[in-house]
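Per this note's numbering, residue 126 is the first one in the sequence shown, and the count goes up by one each step. Each remark here refers to the structure printed beneath this line.
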Amino acid sequence: MMKEVDPARLPQHIAIIMDGNGRWAERHAMGRILGHRKGADSVRVAVQTCRRIGIKCLTLYAFSVENWLRPEAEVRALLKLLHEYLEKEVQGLMDQDIRLVAIGNLDALGEPILAKLNEAMARTASNRGMVLNLALSYGGRDEIVLAAKRIVSDGLAGKITSEQVTKELFTSYLYTPGLPDPDLLIRTGGEYRISNFLLWQMAYTEFYFTEILWPDFRERHILKAIADYQQRERRFGKTSEQLRA
Ligand code: IPE
Ligand code: IPE
Ligand code: MG
Numbered sequence: 126m127m128k129e130v131d132p133a134r135l136p137q138h139i140a141i142i143m144d145g146n147g148r149w150a151e152r153h154a155m156g157r158i159l160g161h162r163k164g165a166d167s168v169r170v171a172v173q174t175c176r177r178i179g180i181k182c183l184t185l186y187a188f189s190v191e192n193w194l195r196p197e198a199e200v201r202a203l204l205k206l207l208h209e210y211l212e213k214e215v216q217g218l219m220d221q222d223i224r225l226v227a228i229g230n231l232d233a234l235g236e237p238i239l240a241k242l243n244e245a246m247a248r249t250a251s252n253r254g255m256v257l258n259l260a261l262s263y264g265g266r267d268e269i270v271l272a273a274k275r276i277v278s279d280g281l282a283g284k285i286t287s288e289q290v291t292k293e294l295f296t297s298y299l300y301t302p303g304l305p306d307p308d309l310l311i312r313t314g315g316e317y318r319i320s321n322f323l324l325w326q327m328a329y330t331e332f333y334f335t336e337i338l339w340p341d342f343r344e345r346h347i348l349k350a351i352a353d354y355q356q357r358e359r360r361f362g363k364t365s366e367q368l369r370a
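Listed below in structure tokens is the structure:
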């Protein structure tokens, strides 16, 4: 029997690697692009479910820096879907009191999408129910390198000294200042890797992998992942005895 989700011990921040659209399409004898289109329905379900049960922050890995290397037609289709999402879903985000933010090399998305994204972020900026964070043209190593570059340049400008470079300061130079580290990472599609996602932020995240392909991922799968997370003991290097004391 599936364990129930305990509303008092929810993860604050869930991150999801939404993988398996291509294989879903293949299994249904469709082109990959239709798999991505189906995947957009799962995005809607995941956002609604997390908001409804009281998750404070949901980060979705929608497009990695490495994904630019896919065939041009697929990249174009993914960007088109993103554009459509931003056009169609912002009202729904408003209705659910959800604030939209984004991380990644956003300039690489190109002007029409960047403009839509900025508009959506501005429109939802004062919403407080949940943060929906989209990782777009995102790479974890790029994020860390960019932070290092900014720190060096602030150092050279005399704004900071090397003694001031702490974990907290470093974090403040990343794409995600202000967001808590993810408590739970879910990866669909049966791959057991992190594919350059949130490398710094996931130092102590609990990982949950499932064979379910992203277009098949529904509310019950999210609840199952959270129930599984709630069975874990997060020791952060300490012993069980210390935690129970
Ligand atoms: C995830 O599905 C969507 C993106 C990476 C944009 P995939 O397209 O990677 O699906 P598979 O892994 O080929 O099945
Ligand atoms: C990770 O999926 C990126 C996204 C889900 C956006 P990929 O399908 O690109 O990952 P790899 O290449 O199989 O590791
Ligand atoms: Mg994949």
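All C-beta atoms in this analysis are idealised placements derived from N, C-alpha and C, irrespective of residue type, glycine included. Small disclaimer: the values here were computed from a predicted structure and weren't measured.
Between the C-alpha atoms of residue i and residue j, what's the straight-line distance to the nearest angstrom?
i                 : j                 : result
serine 287        : leucine 231       : 29 Å
leucine 218       : lysine 241        : 14 Å
methionine 143    : valine 290        : 34 Å
serine 365        : tyrosine 329      : 16 Å
glutamate 358     : isoleucine 141    : 21 Å
phenylalanine 188 : lysine 181        : 22 Å
glycine 156       : arginine 162      : 10 Å
glycine 247       : alanine 260       : Residue 247 is actually alanine in this sequence, not glycine. Distance between the alpha carbons of alanine 247 and alanine 260 is about 17 Å.
aspartate 166     : proline 340       : 7 Å
glycine 319       : aspartate 279     : Just to set this straight, residue 319 is isoleucine in the shown sequence, not glycine. Each residue's Cα considered, the two are about 31 Å apart.
glycine 160       : arginine 369      : 46 Å
isoleucine 285    : phenylalanine 295 : 12 Å
histidine 346     : arginine 148      : 18 Å
asparagine 321    : aspartate 222     : 30 Å
valine 382        : lysine 363        : With the chain represented from 126 up to 370, any question about residue 382 goes unanswered, as that position is not in the structure.
methionine 327    : alanine 350       : 17 Å
glutamate 209     : glutamate 197     : 18 Å
phenylalanine 342 : alanine 150       : 14 Å
phenylalanine 361 : leucine 204       : 39 Å
Using a Cβ-based criterion (distance less than 7 Å to any ligand heavy atom), does residue i qualify as near ligand 3?
i             : result
glutamate 303 : The sequence given here has glycine at residue 303, not glutamate. No, Cβ of glycine 303 sits at least 7 Å from all heavy atoms of ligand 3.
glycine 314   : yes
Residue i: beta carbon under 7 Å from a heavy atom of ligand 1?
i              : result
glycine 145    : yes
tryptophan 193 : no
arginine 162   : no
leucine 203    : yes
arginine 169   : no
arginine 148   : yes
arginine 318   : no
arginine 157   : yes
Nearer than 7 Å: is that true of the beta carbon of residue i relative to any heavy atom of ligand 2?
i              : result
asparagine 230 : no
isoleucine 142 : yes
alanine 187    : yes
serine 251     : no
serine 278     : no
For residue i, does the count of other Cβ atoms within 10 angstroms reach 16, so buried, or fall short, so exposed?
i              : result
glutamine 356  : exposed
serine 251     : exposed
tyrosine 300   : buried
aspartate 131  : exposed
leucine 310    : buried
glycine 315    : exposed
leucine 211    : buried
asparagine 243 : exposed
alanine 133    : exposed
leucine 194    : exposed
glycine 115    : It is not possible to answer for residue 115, since the shown part of the chain is limited to 126 through 370.
glycine 179    : exposed
Does the beta-carbon distance from residue i to residue j come in below 8 Å?
i              : j              : result
tryptophan 325 : isoleucine 269 : yes
alanine 202    : leucine 183    : no
leucine 348    : threonine 313  : no
aspartate 306  : histidine 138  : yes
proline 136    : tyrosine 333   : no
isoleucine 238 : leucine 257    : no
isoleucine 158 : glutamate 199  : yes
leucine 185    : glycine 265    : no
arginine 176   : glycine 254    : yes
glutamate 293  : aspartate 308  : no
glutamate 214  : alanine 352    : no
leucine 234    : serine 262     : yes
tyrosine 298   : alanine 282    : no
glutamate 336  : threonine 174  : no
Could you tell me which residues DSSP pairs with residue i in its beta bridges?
i              : result
asparagine 252 : In DSSP, asparagine 252 forms no bridge with anything.
arginine 312   : Ile142, Phe334
glutamate 224  : With the sequence shown as reference, residue 224 is identified as arginine, and glutamate is not the correct amino acid for it. Looking at the DSSP assignment, arginine 224 forms a beta bridge with Val256.
leucine 185    : Ile141, Leu259
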